[in-house]
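Working notes for the structure below.
Number of protein chains: 2
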Amino acid sequence: MKRFASPQRVTIADVARVADVSKTTVSHVLSGKRPVALPTRARVETAIQELGYRPDGLARSLRTRRTHMVALVIPDITNPYYPLLARGLEDGMVGGYRTFICNSDGHSEREQEFLAEVADRRADGIVLDSFTMGADWIEAVVPEGMPVVRIGTTVADDPGYDTVHADDEHGAHRATTHLMGKGHRRVGMIQGPAGAGGKRNDGYLRALHEAGVAVDPELVVSGEWTRPGGAVAARRLLGLADPPTAVFCANDLMALGAMDAARGLGLEIPRDLALVGFDDIEAAAMVSPPLTTVSNLAYETGLMAGVLLRERMTGQFRGAPRTVTLPCKLVERATT
Amino acid sequence: MKRFASPQRVTIADVARVADVSKTTVSHVLSGKRPVALPTRARVETAIQELGYRPDGLARSLRTRRTHMVALVIPDITNPYYPLLARGLEDGMVGGYRTFICNSDGHSEREQEFLAEVADRRADGIVLDSFTMGADWIEAVVPEGMPVVRIGTTVADDPGYDTVHADDEHGAHRATTHLMGKGHRRVGMIQGPAGAGGKRNDGYLRALHEAGVAVDPELVVSGEWTRPGGAVAARRLLGLADPPTAVFCANDLMALGAMDAARGLGLEIPRDLALVGFDDIEAAAMVSPPLTTVSNLAYETGLMAGVLLRERMTGQFRGAPRTVTLPCKLVERATT
DNA sequence: AGCGGGGAGCAAACCGATTTGCCTCAGTCG
DNA sequence: CGACTGAGGCAAATCGGTTTGCTCCCCGCT
Numbered sequence: 000m001k002r003f004a005s006p007q008r009v010t011i012a013d014v015a016r017v018a019d020v021s022k023t024t025v026s027h028v029l030s031g032k033r034p035v036a037l038p039t040r041a042r043v044e045t046a047i048q049e050l051g052y053r054p055d056g057l058a059r060s061l062r063t064r065r066t067h068m069v070a071l072v073i074p075d076i077t078n079p080y081y082p083l084l085a086r087g088l089e090d091g092m093v094g095g096y097r098t099f100i101c102n103s104d105g106h107s108e109r110e111q112e113f114l115a116e117v118a119d120r121r122a123d124g125i126v127l128d129s130f131t132m133g134a135d136w137i138e139a140v141v142p143e144g145m146p147v148v149r150i151g152t153t154v155a156d157d158p159g160y161d162t163v164h165a166d167d168e169h170g171a172h173r174a175t176t177h178l179m180g181k182g183h184r185r186v187g188m189i190q191g192p193a194g195a196g197g198k199r200n201d202g203y204l205r206a207l208h209e210a211g212v213a214v215d216p217e218l219v220v221s222g223e224w225t226r227p228g229g230a231v232a233a234r235r236l237l238g239l240a241d242p243p244t245a246v247f248c249a250n251d252l253m254a255l256g257a258m259d260a261a262r263g264l265g266l267e268i269p270r271d272l273a274l275v276g277f278d279d280i281e282a283a284a285m286v287s288p289p290l291t292t293v294s295n296l297a298y299e300t301g302l303m304a305g306v307l308l309r310e311r312m313t314g315q316f317r318g319a320p321r322t323v324t325l326p327c328k329l330v331e332r333a334t335t
Numbered sequence: 000m001k002r003f004a005s006p007q008r009v010t011i012a013d014v015a016r017v018a019d020v021s022k023t024t025v026s027h028v029l030s031g032k033r034p035v036a037l038p039t040r041a042r043v044e045t046a047i048q049e050l051g052y053r054p055d056g057l058a059r060s061l062r063t064r065r066t067h068m069v070a071l072v073i074p075d076i077t078n079p080y081y082p083l084l085a086r087g088l089e090d091g092m093v094g095g096y097r098t099f100i101c102n103s104d105g106h107s108e109r110e111q112e113f114l115a116e117v118a119d120r121r122a123d124g125i126v127l128d129s130f131t132m133g134a135d136w137i138e139a140v141v142p143e144g145m146p147v148v149r150i151g152t153t154v155a156d157d158p159g160y161d162t163v164h165a166d167d168e169h170g171a172h173r174a175t176t177h178l179m180g181k182g183h184r185r186v187g188m189i190q191g192p193a194g195a196g197g198k199r200n201d202g203y204l205r206a207l208h209e210a211g212v213a214v215d216p217e218l219v220v221s222g223e224w225t226r227p228g229g230a231v232a233a234r235r236l237l238g239l240a241d242p243p244t245a246v247f248c249a250n251d252l253m254a255l256g257a258m259d260a261a262r263g264l265g266l267e268i269p270r271d272l273a274l275v276g277f278d279d280i281e282a283a284a285m286v287s288p289p290l291t292t293v294s295n296l297a298y299e300t301g302l303m304a305g306v307l308l309r310e311r312m313t314g315q316f317r318g319a320p321r322t323v324t325l326p327c328k329l330v331e332r333a334t335t
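Here the protein sequences come in this chain order: A and B. Using numbering that gives the first Met the number 0, read the first sequence as starting at 0 and increasing by one per residue. Using numbering that gives the first Met the number 0, read the second sequence as starting at 0 and increasing by one per residue.
Dropping the structure here:
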């Protein structure tokens, strides 16, 4: 029983019929993988024009095992760091790759789900920015042979995959020494969730250590990577019996939140509280007073990730995992 | 559970063989579309576990004609309005739809290319924010039956598709009357490229008209929808023989650029130049002085678009194209 | 004359699922 | 007792391409 469906899609078989050749020949005209005589080719091409034929991407991908799609698994596209990274990624892997974005909100179950889903969809590659996922988790879900590039350093020394990250440790160290150079001795830090610490915390600790300042564990608090997250963390710090006079924040959003909190408590910045952020998002230059921060090259990070990923996807490179470290610079503005 | 060294993917046929049933039965266990006896089902399920079988999304999509993917075609994800919209979109169409984002940078050829590509990839739906694309262009490239939801109003009165947009005309009117309420008579406007004008310009003109102020065409200039774009436009306005004392900018990014330009010329805001933006992006509240602007509900816009799109994709709604208009409010801060 | 090679084209297998149609075997209803 | 129904299962068609093998023919070399 034939169902009278909506206007049937034009398939390669239709083209073949109209041009009076086999499907094979049409395919070869399209791909150029085998020679086709000029007159035949012309017949096929007119048939294609005439019918308005467009090859079906799904069918093609099924056979060729290439989807020309990559997944970008990140915490939150709403964090202004990531849109830039996303564009860098697209520019980095030239040649018709589309990106679909998975916002995990930092939940590792969602990250895991996404990876599985993306694997099922047969993405050609994955760019993953996760604070929690170790190589074992990834391997459990991503079929071997599917290229993965990692972003960020929070899961340190993961030798399984290509990685591109900023020199967080150095940046954090620089930020902290800068604060101490301004005379501060009680320097706090607001870091990300999960208490894992991470390179930014390492740099902070090393700077304190080198300056011979004892680390007060009370001065290091965790919070969500968001503006409100920074605000609550800052309130905790400022509520201490002996509060810090300066705070290094592991990202700009949290630093902005800290500014909100400080202002809410009637403190003036930088007189009563000095602040350094991390990332140098656009907003950092626009707040008042403009935020001193550490640059984190979002676009370039994406770009490099794109290059590494494409080299893997095309098979152009098959060697051992590579790590690219991008520099961080202190951007001195008015909150210190 | 078990890691496979075998390069071969586990298919439904493998599962069928191990469970000693037909592929059909495995499929029915998975989909539940036909009953399967309990013991059989159990055999199949253990086989699935044992082999670590995961259905191939491509093959499935090819047959079912559903990809559970939608395309979001926008000018630039780097514009902070769009990440929010993107998340709203995901939340709006509940149920496992993935979004892939196409940055057109406002070039209509790229928009066209993206639409075609996305159609070839058999996306289940498209959300399109384009200033230039008319219904005819879309129809030329998108197969009929493929749901499209439009965002924004710049291409006015396009009856072909569901649309969700902010009440731009009203917002712009409100912004302009607000400026005139502060005593300004020479009120300029910085609008988007293409000179098309658009609803925001309409509201501006209507406000002037109602106040009995003659429109000086010199006071309306076009620029890119970016911060630098706003800066160059503002410099043109401020270089006039009789420059405006207030400017309404068609988006916040341009307003920020105008602030840059004004500051570069030694003007103080709002004393020497009053400014109103549009969109109320996060940065608007953070600049100094904080920007007076018109709210544009990015997240809600995406959310509504998601709802409309899902209703079309699932076939839940088949009626005539709908239009949703979201309200705009003036957010008064310190640049007026 | 025999052989290798390449141009040109076709039929059929393949990618990995879903869906249709058909068969068998109870059990139920009239 | 025959008709009908629903559970349970299988083989084969389908989705729309690409790729493999094979044939046929013509050409240039030894």
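For every residue, glycine included, the Cβ atom is placed at its ideal position computed from N, Cα and C.
- What residues from the region 74-101 of chain A come within 9 Å of chain B, judged by C-beta to C-beta, listed N to C? Using a CB distance below 9 Å, the part of the region 74-101 of chain A facing chain B consists of Asp75, Ile76, Thr77, Asn78, Pro79, Tyr81, Pro82, Leu83, Ala85, Arg86, Glu89, Gly95, Arg97, Thr98, Phe99, Ile100 and Cys101, ordered along the chain.
- Exposed or buried, which one is Pro146 (chain A) when buried takes at least 16 other CB atoms within 10 Å? buried
- Query: With DSSP run on the structure shown, which of helix, strand or coil describes Arg97 (chain B)?
  - Reply: strand
- Within the chosen definition, does the region 118-136 of chain B reach the region 47-55 of chain A through at least 3 CB pairs nearer than 8 Å? yes
- Query: Does DSSP classify Ala261 (chain B) as helix, strand or coil?
  - Reply: helix
- Message: Please tell me whether Thr66 (chain B) has its Cβ less than 9 Å away from any Cβ of chain A.
- Response: yes
- Give the secondary structure of Thr291 (chain A) by DSSP, where H, G and I count as helix, E and B as strand, and everything else as coil. strand
- Task: Kindly indicate if chain A contains any beta-carbon less than 9 Å away from that of Ser30 (chain B).
- Result: Chain A contact via Cβ: absent.
- Message: On a Cα-Cα basis, can you pick out the residue from B:Gly182, B:His67 and B:Asp104 that is closest to Arg270 (chain B)?
- Response: B:Gly182
- Query: Counting only beta-carbon atoms, is Pro142 (chain A) nearer than 9 Å to chain B?
  - Reply: yes
- Given Val14 (chain A), which residues of its chain have a CB within under 7 Å of its CB, disregarding the five upstream and five downstream residues? Val25, Val43, Ala46, Ile47, Leu50 and Tyr52
- State the DSSP-derived secondary structure class of Asp271 (chain A), mapped to helix, strand or coil. coil
- Query: Checking contacts by CB at 9 Å: is Lys328 (chain A) closer than that to chain B?
  - Reply: no
- Message: To the nearest angstrom, how far is the alpha carbon of Ala193 (chain B) from that of Ser221 (chain B)?
- Response: Approximately 8 Å between the Cα atoms of the pair.
- Rank A:Val69, A:Gly276, A:Met312 and A:Thr334 by C-alpha distance to the C-alpha of Cys327 (chain A) and give the top, closest one. A:Gly276
- Message: With a threshold of 9 Å between beta-carbons, can Leu308 (chain A) be considered close to chain B, or not?
- Response: no
- Query: Relative to the alpha-carbon of Ile150 (chain B), which residue among B:Ala85, B:Val186, B:Pro243 and B:His177 has its alpha-carbon at the smallest distance?
  - Reply: B:Ala85
- Item | Nearest residue (CA-CA) to Leu290 (chain A), options B:Met285, B:Thr292, B:Val293 and B:Thr291 | With respect to the C-alpha of Leu290 (chain A), the residue from B:Met285, B:Thr292, B:Val293 and B:Thr291 having the closest C-alpha is B:Met285.
- Name the chain A residues whose beta carbon is nearer than 8 Å to that of Ala58 (chain B)? Leu61
- Task: Could you tell me which residues DSSP pairs with Cys248 (chain A) in its beta bridges?
- Result: A:Ile189
- Between Met0 (chain A) and Gln7 (chain A), what straight-line distance do the alpha-carbon atoms span, to the nearest angstrom? With a pLDDT of only 32 at Met0 (chain A), under 50, the local geometry of the prediction cannot be trusted, and the value read off the model is given with reservation. Distance between the alpha carbons of Met0 (chain A) and Gln7 (chain A) is about 16 Å.
- Message: Counting only Cβ pairs nearer than 8 Å, list the residues of chain B close to Ala282 (chain A).
- Response: Glu281, Ala282 and Met285
- Query: Mapping DSSP to helix, strand and coil, what is Arg16 (chain A)?
  - Reply: Arg16 (chain A): helix per DSSP, three-state reduction.
- Query: Under the DSSP definition of a beta bridge, which residues are partnered with Met68 (chain A)?
  - Reply: Answer is A:Arg97, bridged to Met68 (chain A).
- Message: Quick check on this structure: which residue in B:Trp224, B:Arg173, B:Ala297 and B:Ser21 has the alpha carbon closest to the alpha carbon of Asp201 (chain B)?
- Response: B:Arg173
- Quick one: is Arg53 (chain A) near chain B, going by C-beta distance under 9 Å? Yes, its Cβ sits closer than 9 Å to a Cβ of chain B.
- Message: Extract the residue ranges of the beta strand (DSSP E) inside the region 96-180 of chain B, only unbroken runs of 3 or more that lie entirely within it.
- Response: 97-102, 124-127, 147-150 and 161-165
- Query: Closest to Asp343 (chain B) by CA distance: which of B:Trp136, B:Gly105 and B:Gly94 is it?
  - Reply: No answer is possible for residue 343 (chain B): it lies beyond the span of chain B, which begins at 0 and ends at 335.
- Message: Please identify, using Cβ separations under 7 Å, the residues of the region 116-127 of chain B that lie next to chain A, in order along the chain.
- Response: Asp119, Arg120 and Arg121
- Item | Neighbour-count burial assignment, Leu37 (chain A), 16 or more Cβ in a 10 Å radius | exposed
- Query: For the region 245-267 of chain A, which residues have a beta carbon sitting closer than 8 Å to at least one beta carbon of chain B?
  - Reply: Leu255
- Closest by CA to Val212 (chain A), which one among A:Val231, A:Gln190, A:Thr176 and A:Asp241? A:Thr176
- Any chain B beta carbon closer than 9 Å to Ile146 (chain A): The question names Ile, but residue 146 (chain A) in the sequence shown is Pro. No, no contact with chain B.
- Message: Please report the straight-line C-alpha distance between Glu310 (chain B) and Lys198 (chain B), rounded to a whole angstrom.
- Response: 28 Å
- Query: Helix, strand or coil: how does DSSP classify Val28 (chain A) here?
  - Reply: DSSP places Val28 (chain A) in helix when its eight states are reduced to three.
- Query: What is the residue span of the beta strand (DSSP E) that Thr322 (chain A) lies within?
  - Reply: Thr322 to Leu325
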